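Visitor: Before we start, here is the structure in question, set down as structure tokens.
In the working numbering, the protein residues as written are 1 to 254.
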């Protein structure tokens, strides 16, 4: 993937070859500017204007890079969903949680308002938001950051997607609530058989959560393998440098 054209084109991603299987968490790690977020955005057709892409992103027999208009809108949030770093990016401050969850659901599913409310309550319960029925009547500013991220995750999964892209889902949260969100992602992956692409700069998170890890640098995957192998026996010099920067407790946790 590149931005611009001709001599002014800047290559952002090169030769990305990655599989995200159902029921597993695939970690995409790297420093800021490595291209990991762009890789996740490509799956939902959210690349910046002027982006030039090549290759394919295969999902359910279709190349996602070729989808446009209605076909792309039907895919987003329904079959492939995303959780952003800042939960406020997913939630409208002037609308209740009920309005946002049910409107999103009914945009993709032909169900009644009553059925949508019931589904919203069930989904909030699944992501462990206290008092789901009461939470529907509230506005985003009435929740803590951790609860907002749980609601944003509920927004992402309410339509039953097969693939969930989680872009730095705990970075904006206090360390005391990060572990709960990570456990939730693991639970949802296992219970819903989700294919999860976890994008983060934090290899400590990867060592505790991901099944496999791909390490990116300068728009390329420099190493990809089983979590245990990547953390304990990295083959690439850049991966080794990232591992060496981890606190010893994170390495031991893997």
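Every residue, glycine too, gets a C-beta built ideally from N, C-alpha and C.
Remember, it's a predicted structure, so these values are computed and weren't measured experimentally.
Which same chain residues, not among the five before or five after residue 247, have their C-beta less than 8 Å away from its C-beta?
Guide: Cβ within range, chain order: 204.
Visitor: Do you know whose CA, among 189, 244, 102, 1, lies nearest residue 27's CA?
Guide: Looking at the Cα atoms, 189 is the closest of the given residues.
Visitor: Tell me, please, whether the stretch 156-175 touches the stretch 195-202 by the rule of three or more beta-carbon pairs shorter than 8 Å.
Guide: Because the criterion of three Cβ pairs below 8 Å is met, the stretch 156-175 and the stretch 195-202 touch.
Visitor: Going by Cα to Cα distance, which pick from 46, 30, 241, 118 is closest to residue 221?
Guide: Taking only the C-alpha atoms, the option nearest residue 221 is 30.
Visitor: Closest to residue 97 by C-alpha separation, out of 186, 133, 213, 8, would be which residue?
Guide: Checked all of 186, 133, 213, 8; the closest Cα to residue 97 is 133.
Visitor: For residue 7, count neighbouring C-beta atoms within 10 Å of its own C-beta (all shown protein chains included) and say buried if the count is 16 or more, exposed if not.
Guide: Exposed, by the Cβ-count rule.
Visitor: Would you tell me roughly how many angstroms separate the C-alpha atoms of residue 206 and residue 227, rounded to the nearest one?
Guide: Cα to Cα, residue 206 sits roughly 8 Å from residue 227.
Visitor: Determine the direct distance from the alpha carbon of residue 104 to that of residue 219, and round the result to whole angstroms.
Guide: Taking the straight line from one Cα to the other gives about 33 Å.
Visitor: Of the residues 160, 209, 191, 194, which one's Cα is nearest the Cα of residue 178?
Guide: Ranking the options by Cα distance to residue 178, first place goes to 209.
Visitor: Using the Cα positions of residue 229 and residue 111, report the straight-line distance between them to the nearest angstrom.
Guide: Roughly 46 Å between the two C-alpha positions.
Visitor: Could you round the C-beta distance between residue 216 and residue 35 to whole angstroms and report it? I think they count as a contact, below 8 Å.
Guide: About 5 Å separates the two Cβ atoms, so the contact holds.
Visitor: According to DSSP, is residue 237 part of a helix, a strand, or is it coil?
Guide: Of the three classes helix, strand and coil, the one that applies to residue 237 here is helix, per DSSP.
Visitor: Between residue 42 and residue 57, which are expected to be in contact by the criterion C-beta below 8 Å, what is the C-beta distance as a whole number of angstroms?
Guide: Rounded, the Cβ-Cβ distance is 6 Å, consistent with contact.
Visitor: Under 8 Å, with one C-beta from each stretch per pair, do the stretch 140-151 and the stretch 117-131 reach the 3-pair mark?
Guide: With the cut-off at 8 Å, the stretch 140-151 and the stretch 117-131 touch.
Visitor: Do residue 108 and residue 159 have their C-beta atoms closer together than 7 Å?
Guide: Contact flag set, yes.
Visitor: Out of 239, 60, 175, 68, which one is the CA nearest neighbour of residue 46?
Guide: Of the candidates 239, 60, 175, 68, the one whose C-alpha sits nearest the C-alpha of residue 46 is 68.
Visitor: To the nearest whole angstrom, what separates the beta carbons of residue 136 and residue 116, a pair I think is in contact under 8 Å?
Guide: About 11 Å separates the two Cβ atoms, so there is no contact after all.
Visitor: For residue 214, does the count of other Cβ atoms within 10 angstroms reach 16, so buried, or fall short, so exposed?
Guide: Per the 10 Å Cβ criterion, buried.
Visitor: With residue 85 and residue 172 assumed to form a contact (beta carbons below 8 Å), what rounded beta-carbon distance in angstroms separates them?
Guide: About 5 Å separates the two Cβ atoms, so the contact holds.
Visitor: Mind checking which residues open and close the alpha helix (DSSP H) that includes residue 119?
Guide: From DSSP, the alpha helix (DSSP H) with residue 119 extends over 113-126.
Visitor: Quick check on the DSSP output: the alpha helix (DSSP H) that includes residue 102 runs from which residue to which?
Guide: Counting along the chain, the alpha helix (DSSP H) containing residue 102 begins and ends at 97-108.
Visitor: Go ahead and label residue 83 buried or exposed: buried means 16 or more other beta carbons lie within 10 angstroms of its beta carbon, across all protein chains shown.
Guide: Result: buried.
Visitor: Measure the C-alpha to C-alpha separation of residue 142 and residue 235 and round it to an integer number of angstroms.
Guide: Roughly 47 Å between the two C-alpha positions.
Visitor: Considering just the uninterrupted stretch of the alpha helix (DSSP H) at residue 150, what are its terminal residues?
Guide: Run containing residue 150: 145-157, per the alpha helix (DSSP H) assignment.
Visitor: Out of 62, 61, 59, 39, state which residue places its alpha-carbon closest to the alpha-carbon of residue 53.
Guide: For the residues 62, 61, 59, 39, the minimum Cα distance to residue 53 belongs to 39.
Visitor: Just the C-alpha distance for residue 89 and residue 140, rounded to the nearest angstrom, thanks.
Guide: In a straight line, the C-alpha of residue 89 is about 11 Å away from that of residue 140.
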